[in-house]
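Residue numbers for the sequence shown follow full-length UniProt numbering, so the first one is 1 and each next one is one higher.
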Amino acid sequence: MAVGKIGPFDVSKDNWDTYVDRLDQYFIANNVKMKPATKTYDELVAVMKGHLNPKPSMLAERFKFRQRIQKPGENVATYFSELKRLSKDCSFTAESLKENMRDQFVCGLVNDDIRQKLFTEEDGISIDKAYRLALAMEAAETNAALVEDGTRRGIGGSAAETASVTVHKVGQDGGNGKRGAFRGGGGGYRPAAGRNTRSAHNSRRSGSGGPTIASGADYNLPQAGTQKEACNVCGGKHDADTCKFKKYVCRVCMQEGHLRRMCPKLGKNNFVYNWREGGAYKSSDSESDEVIVPIHRLSLQQCTPILMLLNVHGLKLKMECDTGSAISCINYQLYKKHFSSLHIKPTNLVLRYYTGELVNPVGVIRPLVEYNKIKKILDLYVIDKGNTVLLGRQWMAELNITVSALQYNTVNNNENLDQSFNFAEFSSRYCEVFADGLGRFTGGRVSIHVREGARPVFMRARPLAYALREPVERALEQLVRDDILTPVSHSDWAAPIVPVVKKDGTIRICADFKLSLNKVLEVDRYPLPKVEDLLSRLHGGERFSKVDLSQAYAQFELDDTRKYAVINTHKGLYMYKRLVYGLSSSPGVFQRRLEQLFADIPRVGVFLDDIIITGKDTRQHLDNLHKVFERLKSSGLKVRKEKCSFFVESLEYLGYVISKEGVHTCKDKVEAIVKTPIPRNVSELRAFIGMVMYYGKFIKNVSSILTPLYNLLRAGVKYEWSDGCEEAFARVKRALSTSEVLVHYSLDLPLVLTADASATGIGAVISHITPEGERPIAYASRTLNSAERSYAQIDREALAIIYGVRKFHQYLYGRKFTLRTDHKPLTYIFGNKVGIPVMAASRLQRWAIILSGYSYNIEYVASAKNCADALSRLPTPSSDKNKIGCEYTYLNFAGSFLPVTNDDVRGATARDRVLSRVMVSVQSGWPSHCADEVIKPYFNRRHELYVERGCIMWGYRVVIPPTLRNTILKELHVSHMGIVKTKSMARSFVWWPNIDTDIESTCRSCETCAMEATAPPQAAPRSWPYITQPWSRLHIDFLGPYRGKTFFVIIDSSTKWIEVFEMNKTNAKAVVKVMRSLFARFGLPLEIVSDQGPPFTSAELGEFLRLNGIKQSFSPVYHPASNGAAENAVKLSAATAIPRISNAKVGEGAGSGEAGSEDLVVSDVPEETASKTSPGRDTPPLATDSNVASSVSRPTRVRRKPIRYGFEFD
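This is the structure:
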């Protein structure tokens, strides 16, 4: 890097001499040896050229050369000149340049005919000859196309032929300019110079080769050189930067930036070019290029395949016409049998079945195909394990094959569809309204209003199981892409989310506004239409149509008040940009906007997301239908086609049947009563009589009618159903179905929904609270299927509530009502005092979200007073609509993370005594109390336990049987995480009693973790407590070997008095002898501190110290600093005393004969004060083995003065 910086010389300011001096200093500082003045002009030019224009990499330039092929719309001359330019820096020799130019030129040609012609030339063809031939063939094809087009226009074209159609040519476009884009075989649009232009004109002239559009205009293909390159986002003829689909997400690779048909993972993609007048390309607003038409019901015997006989490579082959396939294909066995002489070329094309499965063809062959005197070499794909020989759209267009119209008798999904109404044409006309995706209301944004002075409520994000994190994140990203959510960095308001696992396995993100926003919202009380008003608008109609809006609320955008609709997730805060289901204001806001939208159209009624349309005759009905859809189209709203019905003879609405004959009471209201089966036992009979008596005040002489049934309830009476019982049973059912008991629905009366479930069925009753009492509006019941019978009791009770809410949705939605259940835990789960429980079953969470869209108060009612109890015990037999479906639950997510399968857990649970009892209680009901300590952990969680596929679940966690717990623990600790992280991981997947203790034990006993664990942090040094009494705490240690000798060192912690003994042996017996001698002279200490050497940890020394009342303490292993006093004494003795006395004559000290060693006394105290500072205290006599604590008194004994040696320290 250069030191300093020199700017250019400024004549107006700088001094030349000074500038030269600065320049010289700059050269010296940067070690510039040669100055510009020493160079010639040519040398300076060469230096600057090497710096500014370095020689390019030969390999990189040759790579660019090899990758260059002819672009769509590029003529041969331009392509050739570009190749010459690229070859300049490739460093080819003179001979290799011509050869490489020829090879790349021929192989990169986009026109198949020109390239095949050049392939037939001799191998030694020169680049010049190849270039001349290509130019000539290109000019010939261009002229032929112009002549043919002029002939058709001026001479041979009749009026019918001139009014021809746009040719929709199916092609393969790699989307990136690679060779094969816009290639032959009907493979896509080619400029006028290509041979496909002739094919297009031929197809147009013959009236075949693609879909037709009635028009009087003449459509021309654009000329070469006038088209833009294809957009790599949608395939259209425009700039990709301006494409409106550039923010869309591909459904194949799930990446943003292109549509499915342009996905690079599908290789050469199939799409449709639609050329209008003037050559302008107009793209559909939908990702699909096809118009979706309704599916018609056809008899399989009627739908016989359409076969075509073609001559393929000399073989007459019957092929089945498949207009849904762009390609033609055969199976590999047929290829080996008849077409093995043709070489299979590899292909990057990927096929997708109807089910979404991707298939890679074996390859492609190019046989000669003949049909009606038309011969062409076309692509035929070979599929491994294929069954049918298919004739696709590409061959049909190339060979001008016309498929005759299908003359099948079809029935639309609207069975009573008026003959003058063509649904296919209608849906095509309003394809924007029927299109998939989310609509956007263009009539203005909507608002939600918070009460003045309301305090913001910010709720933290709920903990989310690890198995759900990835699918929840994908769902959030999709909502952001759909413009429903947007991330925000901060907010005063936030509600938690509830990720609901739908039946198909996808995740629905739902906001739980019960405890936050709904409590402070000013609910829009826009009234729902009264029954009388709606019926009067529809009165006199012959047939009726019902339109259902798709994702009704989400089509309306929120204004600035969206700041309140914020959710809190593990990924942060997100704000809703659309009106959301679950807000208490949503129904009123939605109803107001829709009624305003269609208020001026006669015979059109609006009830929430349903629009009902009729007319006094078919003409007016059609006119109103078109008005409604024009209004929907201009407003940007979309409908769900599968839930719409057109020109039906009758509609059911709020308990009434509307038809051309008038308004009638719906029989379904009382079907559950009329079809109630005969009670089979006393409990069922008692439940039925209980329901009858609940409404008994409205039935005359009810007790007399029920007398035969009462007799069966008497004690000791055998239960036998007689004719009298049958008559009474039928009579009371008729009474419950009459107007004396039933009441019509009214917006002015309080509304009550009561639901109940039994082991066999579910029932619900909707009723009004009238001045006379509670009177039913309608009854409903059904039996449970086999899967629902295995539900836990709480799930069955919740299912009954959801069944009633869905059955009576028209009565309940948009107004306040009371919900009654005899299962008290549901009053907390579905109530508004707490949020949706995190540990509830996935289906309970899903149902709680459904109920969050309704306005209700939930109440507990005793089973004896539950009017729906009899309907659940005596349910109406289920219809075919109540089929068993495969429900996708959280267990499906957790199963992929566990080392055991669902079958393993189910089998082990059934074999375990405790868990089998728990499962019975979960499914049949828990007792009121539990005294069994083994069952109590499950009993404490009884409201959150449920059964999924034979496994017991606690919220998101699988309850693991004892036989599988070790396997789970090993898997949890396989990555050797710590105790805290292992517990956190376990809480997302599994549970059993005392799981935390088991995890702690597993982690602590792991040898790998112990070996790899870091040492604990060092504690701060802490000194021994200071003791003023001498000879209270002694620190001992061994010194040596020193010159073949070992010494025993003892130091008093208080006076620092040191005693050193030469030891012949270092065993416990020798240590005890020294201590006995020492203690005889100085007395017994209170404590002895040593390391954990064998003599000190021996039982013999321990027993000796115990008998003498001396506390023994040890320093930690590998930490000698804890016994620092002894260590320092050893060092001091080794440095001073031992060397000086080792050669001196040692006198015999007191007790030396007793200890069997020499006594060396070392002290830093002057001798004259030794007697005052020497250790020793009044102590009891030394204890022996025969005299253990035998002395009662502790007499004072006189200690002898120790013999000192002739040295001391300064």
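Backbone N, C-alpha and C define an ideal beta-carbon position, used for all residues, glycine too.
All figures in this text were calculated on a predicted structure; none of them were measured in a lab.
Check	Outcome
Using the three-state DSSP reduction, which class does residue 575 fall into: helix, strand or coil?	strand
Which value, in whole angstroms, describes the spacing of the CA atoms of residue 336 and residue 362?	12 angstroms
Return yes when the Cβ of residue 538 is within less than 8 angstroms of the Cβ of residue 603, no when it is not.	yes
Might you give, ordered along the chain, the residues of its own chain that have their beta carbon closer than 8 angstroms to the beta carbon of residue 925, omitting 5 neighbours on each side?	793
Find out if the Cβ-Cβ distance for the pair residue 963, residue 908 is shorter than 8 angstroms.	yes
Would you list, in sequence order, the uninterrupted alpha helix (DSSP H) runs of no fewer than 4 residues that lie entirely inside the region 771-821?	786-789, 793-807 and 809-812
Considering only residues of the region 1092-1131, which uninterrupted alpha helix (DSSP H) runs meet the minimum length of 4 residues and lie entirely inside it, listed in chain order?	1094-1097 and 1099-1107
Going by C-alpha distance, which of 704, 375 and 804 is nearest residue 854?	804
My guess is that residue 1060 and residue 1101 are in contact by the Cβ rule of under 8 angstroms, so how many angstroms apart are they, rounded?	Contact doesn't hold; Cβ gap of about 19 angstroms is too wide.
Starting from the Cα of residue 791, find the closest Cα among 234, 946, 651 and 748 and give me that residue.	946
Going by the DSSP bridge assignment, what does residue 1048 pair with across the sheet?	1038 and 1061
Determine which residues share a DSSP beta bridge with residue 946 and list them.	953
Excluding five sequence neighbours on each side, which residues of the same chain lie with their C-beta closer than 6 angstroms to the C-beta of residue 856?	817 and 819
State the Cα-Cα distance for the pair residue 635 and residue 432, rounded to the nearest angstrom.	11 angstroms
Going by beta-carbon coordinates alone, are residue 705 and residue 732 separated by less than 8 angstroms?	yes
I'd like the list of long-range same chain contacts for residue 557, defined as Cβ closer than 8 angstroms, with 5 residues on each side in sequence excluded.	440, 441, 445, 446, 577, 578 and 579
Given a cut-off of 8 angstroms on the beta-carbon distance, is the pair residue 763 and residue 778 in contact?	no
In chain order, what residues of the same chain have a beta carbon less than 7 angstroms from the beta carbon of residue 651, not counting five sequence neighbours either side?	544, 546, 612 and 658
According to DSSP, residue 642 sits in a beta bridge with which residue or residues?	Looking at the DSSP assignment, residue 642 forms no beta bridge with any residue, so it has no partner.
Which of helix, strand or coil does DSSP assign to residue 729?	helix
Compare the C-alpha of residue 568 against each of 525, 494 and 1075 and name the closest.	494
Measure how close the beta-carbons of residue 874 and residue 677 come, nearest whole angstrom, since I'm counting them as under 8 angstroms.	5 angstroms
Is there contact between the region 483-494 and the region 594-602, where contact requires at least three CB pairs shorter than 8 angstroms?	no
Is residue 687 closer than 8 angstroms to residue 876 when the C-beta atoms are compared?	no
Within 10 angstroms of its Cβ, does residue 9 collect 16 or more other Cβ (buried), or is it exposed?	exposed
Between which two residues does the alpha helix (DSSP H) harbouring residue 622 extend?	618-635
Tell me which same chain residues have a C-beta within less than 8 angstroms of the C-beta of residue 450, skipping the five on either side of it?	517, 520, 521, 522, 561 and 564
By alpha-carbon positions, which one of 1020, 532, 1069 and 96 ends up nearest to residue 748?	532
Over the uninterrupted beta strand (DSSP E) stretch that includes residue 692, give me the two end residues.	No beta strand (DSSP E) contains residue 692, which is instead part of the alpha helix (DSSP H) from 682-694.
Is the beta carbon of residue 421 sitting closer than 8 angstroms to the one on residue 646?	yes
Measure from the alpha carbon of residue 866 to the alpha carbon of each residue in 735, 1046, 970 and 756, then state which is nearest.	756
Would you call the region 972-980 and the region 947-958 in contact, with 3 or more CB pairs under 8 angstroms?	no
Per DSSP, which one or two residues make a beta bridge with residue 930?	Paired residues: none, contrary to the question.
Applying the 10 Å Cβ sphere with the 16-neighbour rule, what's the burial state of residue 1123?	buried
What is the DSSP secondary structure of residue 763, counted as helix, strand or coil?	strand
Three-state secondary structure (DSSP) at residue 830?	coil
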